[in-house]
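Residues -26 to -1, 1 to 980, numbered by mature numbering (1 follows the signal peptide of the UniProt record, and there is no 0), are exactly what the sequence shown covers, in order.
A quick write-up on the structure given underneath.
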Amino acid sequence: MSLNRVFLFILTLCFCVVTYAQQSAAYTNELVDYQKALSLYNNQQYLAAQTLFKQLKKTAKTDVLESDCVFYIANCAVRLNQQNADTLMEDFVEDYPTSTKRNTAFVDVADYYFTNGKYAYAKKWYDKVDENSLAGNEREKFNFNNGYVAFTTKNYKDARKYLSRIENSKKYGSQAKYYIGFMAYEGDDYDQATQYFDQVSDQEKYQEKLSYYQADLNFKLGKFEKAIELAKEQLPKSNRDEISELNKIIGESYFNLEQYEEALPYLKEYQGKRGKWSNTDYYQLGYTYYKQKDYDNAVAEFSKIIDGQDTVAQNAYYHLGESYVHLNKKQEALNAFRNASQMTYDLKVQEDAWLNYAKISYEIGNPYQSVPQVLTQYLETYPDTAYKDEIETLLIDSYITSKNYKEALELLEGKNSFENKKAYQKVAFYRGIELYNEGNYQEAQDFFNKSLKEEINPTYTARAIFWKAETNYNLSNYNDALIGFKQFKQIEEATATKEAVNIDYNLAYTYFKQKNYSQAITFFNQFINNNSNDNIRLNDAYLRLGDVNFVSSKYNDAINAYSEAIKINQVNSDYAFFQKTMSIGYAGNSDKKITDLNTFIERYPKSTLRDDAMYELGNSLVKANRNSEALNMYNKLNNEYRMSTFVPKAKLRQGLVHYNSGTNDKALTKFKQVAEEFPNTPEANQAVATARLIYIDLGQVDAYAAWVQTLDYVEVTDADLDNTTYESAEKKYLDGQSDAAIRQFNGYLNEFPKGLHALQTHFYVAQLYFKKDLKENALPHYIEVVNRTSNEFTEEALLRASQIQLEQKSWNKAIPLLERLEVQASFPQNVVFAQSNLMKANYQLEQYKQAVSYAEKVLEQNTIDNKIKSDAYLIIARSAIKTDDEPKAEQAYQEVEKTATGEAAAEAMFYKAYFQHKEGDFETSNSTVQNLAKNFSGYKYYSAKGLVVMAKNHYQLGDAFQATYILESVIENFKDYDDVVAEAQSELSKIKTEEAKTNMSVQPED
């Protein structure tokens, strides 16, 4: 080798040695820093370690060092909860797939999350681990951690898979068995749970928990004594939640052993699941109270069971019903038994509940369906029941007691047994009475006839005969009425009936209507002689006796009868005084008549007969040649009663007084007033005729002709034909030939639309149409009469026209007619008719103030019957409700209740319950609703509304079952009444939402 080559070799070798030494020093420095970072990591100084690892990564000379740095950077990020920790670790796995730390990374991160209780994160990383790459100890830990993660997330299938692998592990075996046992316990596999729990029962750390589970296991396995023993041992060692559950185990174990006294204190201590009890919990405590005859507390617990749909609920409702019976709360018992009877889980309980439901329905009534219907359904459902005879007896009697006659008749139709026919006779009779009281006379008569077809009970036969006669009387069939009243009086059993008391009164009135005055006098006298208690009817009898004697020209007898009526002074004393005065005049004592008429005018300033008295007084003064006084009295009448039918008569009389006195100018003035102010009236025609005589006397025939031409209703040249045509039609009318009379009257009006007799013709043809029930045809003729100036037909025409408009519900057209009738009527009954219908029409038009005003006017009348009085108070009450004046409504409904029958009585009863509820008197309100259900079950609307009030009462009294059951029944059974169902649904939603807070079995309404 040449010297130069040797030198070059030495030089190169020296360079390599220097370079290697430099590299080795750098590598050594990296390892020192790496070890330093690792030490920081191991000492849990993760942020400092991460910073150092990041610096090392930048200068790492080898892939291994770089990958290790990336691994620890990500690992520190995990432990520091940095947001990008998972991403960093995933990047490490992806970027360094050959790293030896790949599997370690998965395990390490998973273990970290596991240790910190982040099991969902842990599972994500455990799922990435390659189990086969793990060492034995690592694998056991992996299986335990994975199993525990699955256990905590209730993935019991995976939990069992992993934990089963290590159940024999020295380190993890006990824990694995405990968790496997617990999963078996949760899955109701009590045998396997017991097997695993027994294997770890000797270990102290599980003993406390195992005592609870083993107590519960023994309970669930039916080993109640052992369950009680274990649970009692555990009680002092347990926390609050466990104490509640242990009390439940002990209490329910005693319950199942039928040791109710021992069960009670433990069942009471139970706190529920998350503060909520189930229906079963309430049932057990309620039944425990029930078995100890503590029915109040039994009800308190049973009644919390709502929405129950299982055997437990059916039994609870049945025992709730029995508890209510013991407490004498039969309405509540009815609901409970009804609910149990509608469930089919236990057929024996269902049948017993049905029987109790049927019997209690009979005792107290049923708000959901008629009592006969309930009893009939029971017999149809259980035809072979041992109680068949008893229920059939109750069924027959219930047809009467239920007072739901319409429905009862439907059930009785076609049933031919003697007892059913006997019941049918009574029910048909009472249905007739019901319809009679509603003014439906024709239909009422049909039911009285049905009752009479079953002549089984002679008393009801007699009563049906009486009321059929009374119905005929109201239908103006006086001959048939007379036959019936006479027949009734001849029946021996009739003497003991309440109808017999007034039979002579009824006969007298019927003879009176037939104008058989001698017989009317006989029977009015018989009634008066045998009656001393009913002053109102006695007063009326004296009045009618006076009238009969008056029309029979027996004036002294009339005077005596009217005097007796005045003494009694119950009704129409003004009428009695007036008629007595008229009788005195006809008896020949003119001076006394004049004196008494003056007295009448002063004494009765509000009498509807006061204008009659003024007119009669004027006439009497004329007869006594006291013309000046007479003219003044006629003027007084004309000024004070401008709408009176006596005004045209009075003015005509004034004209005649002047005519007879020779003061023709004054006479003509009055006659012209009458002719012009009251056209087409008899007074106008007479005024024209008398004026004609004056003009003839004065020789002023042309002036008369000119004046008559201004009166378009006088056709002088056709007078004879006019009279002849009218008289022909009138004869047919008087002879009762209705059809012929209608034809001829209409013919007259066509020929003489403004004829001398047009007014009478319109009235008579209207009356004929009305009697034939052709009211549409009658109405325009009545309107024609009432549109003319006041006349003798005005009052009757106003009455009939308004009646037709009311029947057509044409309230706005009826009101003006009724207002005139009120002012112009001479008969008190027509004033009452006007006022009572004005109150109704105004109410229908929502004019409540006017309606109340007229109702109060009606109540001021002395001679109204109970039906009209009840209607008046009803209008006041309803108007008060509409205007939110509840105190006034309550007072008015109290008055309605005193006299009302039928639907009005049901309405009053409902509002009584409503106001009692509002005043917080819930028990009394419930009793009122119960009475409503028993006595007025036929009026479904108010029964339904009453039930809603009852439900509210029960909830206020703490009885959620009654409240919800009643509301659900209303929703189910009264779908025709939208407003009631809506209110019931609203209340039900509120209650269920509230109850769901403490009862886990209740789902709140949407």
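Glycine included, each C-beta is placed from N, C-alpha and C at the ideal position.
Source: prediction; values computed, not measured.
In angstroms, rounded to a whole number, what distance separates the CA positions of residue i and residue j?
i	j	result
D358	Y352	11 Å
F620	D585	7 Å
D845	G876	12 Å
G225	E216	14 Å
G295	N509	51 Å
I849	A455	34 Å
D565	L626	24 Å
S594	Q628	13 Å
L773	I789	12 Å
S784	A740	19 Å
F726	L733	11 Å
Y100	I140	17 Å
R577	D570	10 Å
Q(-4)	K75	In this prediction, Q(-4) has a pLDDT of 46, which is less than 50 and means its spatial position is unreliable; nothing more can be read from the coordinates.
Q9	A205	57 Å
F88	K97	8 Å
F524	F801	17 Å
D291	F276	The sequence given here places Tyr at residue 291; Asp does not occur at that position. Rounded to whole angstroms, Y291 to F276 spans 7 Å at the Cα level.
P71	N120	24 Å
Y261	T254	10 Å
G721	K463	48 Å
E830	D950	34 Å
T78	N213	41 Å
L241	F229	9 Å
A955	K303	Note on identity: in this sequence residue 955 is Val, with Ala being the wrong assignment. V955 and K303: Cα-Cα distance of roughly 26 Å.
L792	A808	5 Å
S450	F948	41 Å
A(-2)	V38	Caution is warranted here: a pLDDT of 49 is assigned to A(-2), below 50, making its placement in the model unreliable, and the coordinate value is therefore given only provisionally. One C-alpha to the other measures close to 18 Å.
E64	N49	11 Å
What residue does the alpha helix (DSSP H) around residue i start on, and which one ends it?
i	result
G520	509 to 525
W99	93 to 100
Q419	415 to 427
Q258	253 to 265
R134	130 to 139
T643	638 to 651
D104	D104 -> no alpha helix (DSSP H), and no H or E assigned at all.
V656	Per the sequence shown, residue 656 should be read as Pro rather than Val. It spans 656 to 672 - the alpha helix (DSSP H) in which P656 sits, taken as one unbroken run.
M63	59 to 69
I838	Where I838 is concerned, there is no enclosing alpha helix (DSSP H), given that its DSSP letter is neither H nor E.
I495	491 to 504
CB-CB under 7 Å to residue i, same chain, minus the five flanking residues each way: which ones, in chain order?
i	result
C43	F27, L30, K31, A34
N486	For the record, residue 486 in the displayed sequence is Phe; it is not Asn. Excluding sequence neighbours, F486 sits near A494, R518, V522.
R53	Y20, Y86
N761	none
V690	In this predicted model, V690 has a pLDDT of only 49, less than 50, meaning its place in the structure is not dependable; the value taken from the coordinates is given anyway. Excluding positions up to five away in sequence, the list reads V682.
Y615	D585, V621
Using a Cβ-Cβ cutoff of less than 8 Å, which residues in the same chain neighbour residue i once the five nearest sequence positions on both sides are dropped?
i	result
I370	E393, N394, K396, A397
S960	none
Can you list, in chain order, the residues of its chain with a C-beta nearer than 6 Å to that of residue i? Leave out the 5 residues immediately preceding and following it.
i	result
L308	I334
L519	F498, A535
V103	F80, V81
K964	none
S581	D548
Please report the Cβ distance between residue i and residue j, rounded to the nearest whole angstrom; I am assuming they are in contact, meaning their Cβ atoms lie under 8 Å.
i	j	result
F311	N330	4 Å
F440	E473	4 Å
Y373	P346	5 Å
residue 996	A539	Because residue 996 is not part of the residues shown, which for the chain are -26 to 980, the question remains open.
A22	L14	5 Å
Worksheet entry | Residue ranges of each alpha helix (DSSP H) within the segment 700 to 726, 4 or longer | 712 to 725
Worksheet entry | Length at least 4, wholly inside the segment 285 to 370: the alpha helix (DSSP H) runs in chain order | 285 to 300, 304 to 315, 321 to 338, 345 to 355
Discussion item. As an exercise, report each continuous alpha helix (DSSP H) stretch of at least 4 residues that is fully enclosed by the segment 904 to 948, in chain order.
Written reply: 914 to 930, 934 to 947
Worksheet item: Where are the alpha helix (DSSP H) runs, 4 residues long or more, that stay fully inside the segment 739 to 825, in chain order?
Response: 749 to 761, 768 to 781, 785 to 798, 802 to 818
Worksheet item: What runs of the beta strand (DSSP E), each 3 residues or longer, lie entirely inside the segment 203 to 251?
Response: none
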